[in-house]
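Oh and the sequence shown: position 8 is 265 in my numbering, straight run, nothing missing. The structure under discussion appears below in the form of structure tokens.
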Amino acid sequence: MAVEMENVFSIFRGPNGTIFAIIFATLIVLLTIVLAWVIGRSRNKRNTVLLVGLSDAGKTLLFTRLYYNKFLATHTSIKENKGSYVPEQAQDGKFLELIDVPGNEKLRGKFIGQFKDLARGIIFVVDSVNFTRELHAVAECLFDILSNKTFNKLSPQLLIACNKQDLTTAKSMNVIKSQLAKEINTLRKTRAAAVKGLDEQSMSRDEVFVGQKGKDFDFADLRAIKVEIIECSAKGEAETDLKDVHEWLNKLI
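Structure (structure tokens):
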């Protein structure tokens, strides 16, 4: 093997070494361009946005506002809802496919597993009014997304939508972000303790470490999944109630 490598390097040291070096460098550049094009093309084929969160967070209501562009009465979902999102100033017929995932824990896991390979983006809907009471469950749901191996490979964008901001008892997005970070940090420790002592084959192969090792969890440390957090009101009738959601979706197209 060493002899073969020496023969390769001798080509670059020969009389035509400069020419071979230029050709080699050109091939590397072309290969990089082709690879970037293939990856970008693959990403563009994924035009699905998943709406995820606990039951009664307002996912289905948000879905109807985005799909029908009006308020409709909703009920707890037991199956996914699908519909296209087309921005008002859509170009070249581009659109996003919205999938409202049921909030029930068992159903949620089933449908996320079914659609995760299609996800270009994820809207994680939080009930800002009942957030304190549901903090642990909300953090667990978000943790499952952030630690998912497929999501970390495909790098979908993630929007934490702090819903029900039309109500006076709603927690602000800054409070929600801070408390979620603390709870996720606790979850990292408890889950690590739960698998401590197990061999690698016994540990989940579908999870990756969330955040940066050796320090407390911080959303800023996430690399594969870009996270944004906004406030919204799916029930509000004003255009500004969902302005940030629309802007985020339009950036994905």
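Note that CB positions come from ideal geometry on N, CA and C, so glycine has one too. The structure presented is a predicted model; accordingly, all values stated were derived computationally and were not measured.
Contact between LYS373 and VAL465 is ruled out by a C-beta separation of about 14 Å, above the 8 Å threshold. Ranked by Cα distance from ASN326, the first of HIS503, GLY310, LEU509, ILE510 is HIS503. The stretch 377-394 and the stretch 415-432 touch, with no fewer than 3 CB-CB distances between them shorter than 8 Å. Spatial neighbours of ILE335 in its own chain (CB-CB distance under 8 Å, excluding positions within 5 residues in sequence) are listed in chain order as PRO359, ASN361, LEU364.
In the three-state reduction of the DSSP assignment, TYR324 falls in the helix class, which pools H, G and I. Rounded to whole angstroms, the Cβ separation of LEU355 and VAL306 is 5 Å, and the two are in contact under 8 Å.
Between GLN371 and the set THR389, LEU353, PHE408, the nearest pair of CA atoms involves PHE408. Residue ILE433 holds the alpha-carbon nearest to the alpha-carbon of ILE487 among ILE433, ALA477, ALA451. With a minimum length of 3 residues, the unbroken runs of beta strand (DSSP E) contained wholly in the stretch 359-415 fall at 376-384. Burial is judged here by how many other beta carbons sit within 10 angstroms of a residue's own beta carbon; GLY468 has at least 16 and is buried. With at least 16 other beta carbons inside 10 angstroms of its own, LEU318 counts as buried. Non-local C-beta neighbours of LYS339 in its own chain, meaning closer than 8 Å and more than five positions away in sequence, comprise GLU354, LEU355, ILE356, ASP357, ordered along the chain. In terms of Cβ geometry, ALA491 and GLY378 do not form a close pair [threshold 8 Å].
Distances from the alpha-carbon of PHE400 to those of ASP423, LEU287, THR443 put THR443 closest.
Assigned with DSSP and collapsed to three states, LEU499 falls in helix.
For GLU440, the closest C-alpha among the options ALA396, THR321, TYR324 is that of ALA396. Assigned with DSSP and collapsed to three states, ASN507 falls in helix. Taking 8 Å as the upper bound for CB-CB distance, ILE482 and LEU403 are in contact here, some 6 Å apart.
Sorting ARG322, HIS393, LYS470, LYS472 by C-alpha distance to the C-alpha of GLU496 places ARG322 at the top.
One alpha carbon belongs to ASN431, the other to THR447, and they sit about 25 Å apart.
For ASP478, same chain residues with a beta-carbon under 8 Å away, outside a window of 5 residues either side, are GLY468, GLN469, LYS472 in chain order. In the DSSP assignment, LYS339 falls within the unbroken beta strand (DSSP E) covering 338-342. Bounds of any beta strand (DSSP E) do not take in ILE482, whose DSSP letter is neither H nor E.
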